[in-house]
Structure formats: C-alpha cells, structure tokens
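Start counting the sequence shown at 79; every next residue gets the next number (the numbering used here). Note that CB positions come from ideal geometry on N, CA and C, so glycine has one too. None of the values given here were measured: they were computed from a predicted structure. Have a look at the structure below before the remarks.
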Amino acid sequence: MKLTNKKELLNLLSSKVEPKISIILPIHPETPQVNNNILIYKNLLKDVKKDLELNYPRRDWSNAVEKLDALILDRTLWSNAGPAVLIFATNDDVQICEMNHDVEPKSHVGNTFLIQDLFLQEELTDAPQYIINISRDRINIVDVKTLKAINTEKIYTKFADYYSDFDVDSNLNTGSYGGLNTSNYHGHRSKPEEQEKDQLIYYRYLNRELTKLSKENGYSFIISGLPEVLDTYLNNYGNSSYIYDVIRGSVLNLSQNELKNKLNQLSVDKRMHNAELLQQEYNQADRQDKVLSDVDSINHAITDKRVKSIISFNIGNSYSIDQNKLMLKAALNKINCRVLNANELTDLPNISAIVY
79 MKLTNKKELL NLLSSKVEPK ISIILPIHPE TPQVNNNILI YKNLLKDVKK
129 DLELNYPRRD WSNAVEKLDA LILDRTLWSN AGPAVLIFAT NDDVQICEMN
179 HDVEPKSHVG NTFLIQDLFL QEELTDAPQY IINISRDRIN IVDVKTLKAI
229 NTEKIYTKFA DYYSDFDVDS NLNTGSYGGL NTSNYHGHRS KPEEQEKDQL
279 IYYRYLNREL TKLSKENGYS FIISGLPEVL DTYLNNYGNS SYIYDVIRGS
329 VLNLSQNELK NKLNQLSVDK RMHNAELLQQ EYNQADRQDK VLSDVDSINH
379 AITDKRVKSI ISFNIGNSYS IDQNKLMLKA ALNKINCRVL NANELTDLPN
429 ISAIVY
C-alpha cells in the first residue's frame with residue numbers, strides 16, 4: 079500500500095465533515111488501458127455526483143467534486159498506479175491510496191468511508207522493494223516493481239570497488255587488494271582464504287547498508303544467489319529484519335516472466351502464512367471466550383477500550399457499511415484491524431473483535 083501522506087489520510091478519515099466520498103477503482107497501467115481507467119472513473123464519479131445532488135446541499139460537496147473532476151487530467155495517476163486506488167474525499171480534502179490487490183469498481187457516499195481494503199493481507203504485508211542477488215564478486219540490485227536491474231551510488235555493488243575505498247586490516251594481507259577475481263593479488267595466505275575473507279568483509283558492509291536503508295526508508299529486500307555464496311551471507315545475517323524472503327538461486331538468468339511468477343508465488347506464500355497465523359490467533363481467542371461477533375457489542379467494547387484487534391472475514395468485494403464504521407472507529411483508536419479473505423470460511427462471523 080502506498081499512501082499520499084499517512085498523517086493527512088488519518089486527518090481526513092477522522093474528519094467529521096460529511097458527506098464522505100469513497101471511490102474504489104481498478105487500475106490497468108498498460109498504455110491501451112489508460113483511457114479505460116479514466117472511463118471507469120468517470121462512470122463512478124457520475125454516480126457519486128448523482129447521489130450528492132439528491133441528498134446533500136451543493137455547498138457541502140462542490141469543492142470535493144471540483145477536485146475529483148481534476149483527477150481526470152492526472153495522467154500520472156492513470157498510467158503509473160496499480161493495480162488499484164482508493165480515493166477518499168470530503169469537501170475539505172482528497173486523499174489517494176495505491177493498493178497492491180485487485181478490486182472491483184465501487185463508489186459510496188454517506189457518513190463513513192469504505193476503508194476495509196486498507197486492511198487486507200496484501201496491504202498489511204510490506205512488499206519488498208529490491209532483490210539483492212549475491213554473486214562471487216558483486217551484487218546485482220533488481221527493482222521488484224519494474225523487474226529491471228538498477229544502478230545505485232548508495233551501495234558498492236562490486237567487491238573490488240568497495241576495497242578500493244576501504245583500507246583492509248593490514249594483518250589480513252601484506253599485499254594489495256584488487257578484488258576477488260583479479261590477478262593483482264599478493265599475500266602470505268592462499269587465494270581461496272583471501273577470497274573468503276574478502277566476502278566476509280564485504281558482507282559485513284552490505285548488511286550495514288541494507289540495515290540502514292531499512293531503518294531510514296522502510297525498505298525490505300529479497301536475498302538471492304547461488305547456494306554456495308548465499309549460505310555464507312545467510313549464516314551471518316539470515317535473521318536480519320530487512321530480509322523479506324530468500325530465493326535460492328541466481329535471478330539473473332531468469333526471464334522477466336519467470337521472475338514475475340516466482341515473486342508472485344513468494345507473495346502468495348507470505349499471505350497464506352499470515353492468514354494461518356491470523357486464523358490461529360482467532361481460534362485461540364475463541365477458545366478463551368475472548369471473541370465478540372455482535373456489531374453493537376464490538377462498538378461498546380471499542381468505546382470501553384477493551385478491544386485488542388478487529389478481524390473481518392469478509393470477502394474482498396463485500397462492503398458492509400456497519401462493519402466499515404466499526405473498522406474506522408477501531409483504526410482511529412489505534413486498534414489493529416485486519417481483513418481476511420473468507421471464501422472458504424463461510425461458517426465464521428463477518429466481523430469479530432478479540433478483547434482483552
């Protein structure tokens with residue numbers, strides 16, 4: 079999930095200004111589809127305007143409609159966002175959230191926003207930004223969104239470049255460092271020993287830089303590479319919080335389609351794992367009689383600050399106004415909300431609260 083501005087979004091969601099407008103829109107960024115994206119948006123906006131004109135004074139929504147109309151000309155939105163956007167608006171503000179999951183087009187005007195898509199597993203599971211592919215003497219960085227290798231000045235990607243700017247401990251080698259695969263090597267120990275030492279020094283540097291990027295920018299990374307070099311890195315840094323997942327094997331020889339399929343499978347596996355953990359959490363709370371499933375009871379429990387988390391078992395395209403009100407109230411009270419695709423869990427209540 080990508081937000082325009084988290085603080086501004088929270089301010090809008092907590093606003094008491096009505097009417098509240100929600101537009102849920104699938105996006106197909108491919109060039110032939112851009113005009114179709116705009117057409118779907120125009121149709122949804124037409125429904126919004128009709129609802130506003132029938133039920134609210136013009137002074138309460140004219141600014142909002144003006145801003146929503148202006149989005150039609152925002153080619154960047156229609157070309158780059160995807161696979162979906164949520165647009166929330168009042169007469170005071172408009173906020174746009176880019177989603178990571180597919181949606182069906184929908185609009186709503188009323189006294190609450192339709193926010194449940196914000197809490198689907200696809201949105202709460204942070205997607206990785208880059209693949210770090212480790213080879214014997216370098217790394218390659220692949221942008222997960224474009225599936226293309228990128229160059230960066232923030233990290234030395236060739237071991238030799240790092241050593242040229244790094245004075246290795248003289249006790250390690252009496253000669254010079256020319257990188258792992260150069261003939262410019264002199265020293266008392268065997269070259270394989272020096273190669274291994276080079277790797278460990280570079281990996282320590284790489285771990286430090288990835289940790290920094292994770293802390294400063296919230297990035298997570300997929301680590302890949304041939305087993306013989308990958309294992310060396312993971313043995314030292316495999317528990318690092320910045321590691322989203324691991325691909326055993328180099329990704330450099332994969333086609334874009336093969337890599338896309340592999341990443342999709344990683345994402346599916348991650349969501350399934352998170353869904354299983356969520357189901358276990360619910361089952362444990364249910365056994366302990368700590369689950370509420372009545373909307374009124376949940377509402378009172380939120381007011382009394384007795385709710386630990388909210389779990390909705392709706393399928394992705396079922397938008398209950400009452401449930402969205404509950405989730406919005408819970409979220410604004412900093413209560414953890416999650417939505418689980420419930421296609422095969424129809425015996426479960428639509429929404430539940432786990433209480434303390």
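Range covered by the alpha helix (DSSP H) that runs through residue i
i	result
Leu155	Arg153 to Asn158
Pro97	Note, Pro97: premise wrong, no alpha helix (DSSP H); not H, not E.
Ala148	Ser140 to Ala148
Residues near residue i in its chain [Cβ-Cβ closer than 6 Å; skip 5 each side]
i	result
Ile118	Pro183
Leu192	Ser100, His186, Tyr397 and Asn402
Val172	Lys145
Glu200	Asn178 and His179
Ser387	Asn414 and Ile432
Gln366	none
Span of the beta strand (DSSP E), counted from its first residue to its last, around residue i
i	result
Ile228	Lys226 to Ile228
Lys184	Lys184 to Gly188
Gln199	Here Gln199 belongs to no beta strand (DSSP E); instead the alpha helix (DSSP H) covers Gln199 to Leu202.
Asn377	Counting along the chain, Asn377 falls outside any beta strand (DSSP E), though it belongs to the alpha helix (DSSP H) covering Val373 to Thr381.
Leu196	Counting along the chain, Leu196 falls outside any beta strand (DSSP E), and DSSP gives it neither H nor E.
Asp221	Ile217 to Asp221
Gln173	Val172 to Met177
Asn211	Tyr208 to Ile212
For residue i, the three-state DSSP class (helix, strand or coil)
i	result
Lys232	coil
Val346	helix
Lys112	Inspection of the sequence shows that residue 112 is occupied by Val rather than by Lys. Correct three-state label for Val112: helix.
Asn25	No answer is possible for residue 25: the residues shown for the chain start at 79 and end at 434.
Asp276	helix
Leu258	Low per-residue confidence applies at Leu258: pLDDT is 30, beneath 50, and the placement is therefore not dependable enough to give any value.
Phe391	coil
Ser430	strand
His266	Low confidence applies to His266: its pLDDT is 44, below 50, so where it sits in the model is not reliable enough to give any reading.
Pro305	helix
Tyr320	coil
Lys368	coil
Arg326	strand
Gln401	helix
Tyr134	coil
Tyr445	Outside the displayed range of the chain (79 to 434) lies residue 445, so it cannot be described from this structure.
Arg334	It is Gln, not Arg, that sits at residue 334 in the sequence shown. In this structure, Gln334 counts as helix in the three-state DSSP scheme.
Val163	strand
Ile118	helix
Val385	strand
Thr252	Low confidence applies to Thr252: its pLDDT is 33, below 50, so where it sits in the model is not reliable, and the reading given next is rough at best. In this structure, Thr252 counts as coil in the three-state DSSP scheme.
Nearest candidate by alpha-carbon position, reference residue i, set the options
i	options	result
Leu444	Ile388, Asp215 and Glu200	Lying before the first or after the last residue shown, residue 444 is absent from the chain, which here runs from 79 to 434.
Thr224	Glu200, Asn121 and Asn335	Asn335
Lys383	Glu306, Ile399, Ile413 and Ile389	Ile413
Leu33	Arg365, Leu356, Asp400 and Asp125	It is not possible to answer for residue 33, since the shown part of the chain is limited to 79 through 434.
Thr230	Tyr281, Asp195, Glu201 and Glu287	Glu287
Val307	Asn317, Phe299, Gly296 and Tyr280	Tyr280
Val373	Cys415, Gly316 and Asp400	Asp400
Leu87	Leu146, Lys145, Gln111 and Leu196	Leu196
Ser213	Val172, Pro427 and Gln277	Gln277
Lys348	Asp147, Pro206, Asn141 and Asn121	Pro206
Ser140	Phe391, Val181, Leu284 and Lys98	Lys98
Leu291	Ser318, Asn313, Tyr311 and Thr310	Ser318
Leu90	Thr203, Phe166 and Asn285	Phe166
Tyr208	Asp367, Lys338, Ile388 and Thr381	Lys338
Asp147	Asn314, Val126, Asp138 and Lys340	Val126
Asn352	Tyr240, Thr203 and Leu149	Thr203
Residues of its chain near residue i, where Cβ-Cβ distance is below 7 Å and the 5 sequence neighbours each way are ignored
i	result
Leu250	Its pLDDT being 39, under 50, Leu250 is placed unreliably by the model, and the measurement read from it follows with that caveat. Lys275.
Asn115	Ile105, His106 and Trp156
Asn211	Ile217, Asn218, Val220, Ser302, Gly303, Ser328, Val329 and Leu330
Val95	Thr168, Asn169 and Asp170
Leu122	Ile101, Leu103, Pro183 and Ser185
Val435	Outside the modelled stretch of the chain, which goes from 79 to 434, sits residue 435, for which no answer is possible.
Close beta carbons around residue i, own chain, < 8 Å, minus the five adjacent residues each side
i	result
Val369	Tyr360, Ala363, Ser430, Ala431, Ile432 and Val433
Pro427	Ser371 and Phe391
Original post:
Any chance the segment 141-159 sits against the segment 372-392, with 3 or more Cβ pairs inside 8 Å?
Top reply: The way I'd put it, the segment 141-159 doesn't touch the segment 372-392; fewer than three beta-carbon pairs between them come closer than 8 Å.
Original post:
Do three or more CB pairs link the segment 134-147 to the segment 173-183 at distances below 8 Å?
Top reply: Fewer than three beta-carbon pairs drawn from the segment 134-147 and the segment 173-183 are found closer than 8 Å, and the two stretches are therefore not classed as touching.
**OP:** Determine contact between the segment 121-132 and the segment 183-194, defined as no fewer than three beta-carbon pairs at a distance below 8 Å.
**Re:** Three or more beta-carbon pairs drawn from the segment 121-132 and the segment 183-194 are found closer than 8 Å, and the two stretches are therefore classed as touching.
**OP:** Determine contact between the segment 341-350 and the segment 393-413, defined as no fewer than three beta-carbon pairs at a distance below 8 Å.
**Re:** Taking 8 Å as the limit for Cβ pairs, the verdict is that the segment 393-413 does not touch the segment 341-350.
**OP:** Specify whether the segment 233-242 and the segment 318-331 touch according to this definition: at least 3 beta carbon pairs, one from each stretch, less than 8 Å apart.
**Re:** A contact between stretches requires three or more CB pairs, one per stretch, nearer than 8 Å, and the segment 233-242 fails this requirement with the segment 318-331.
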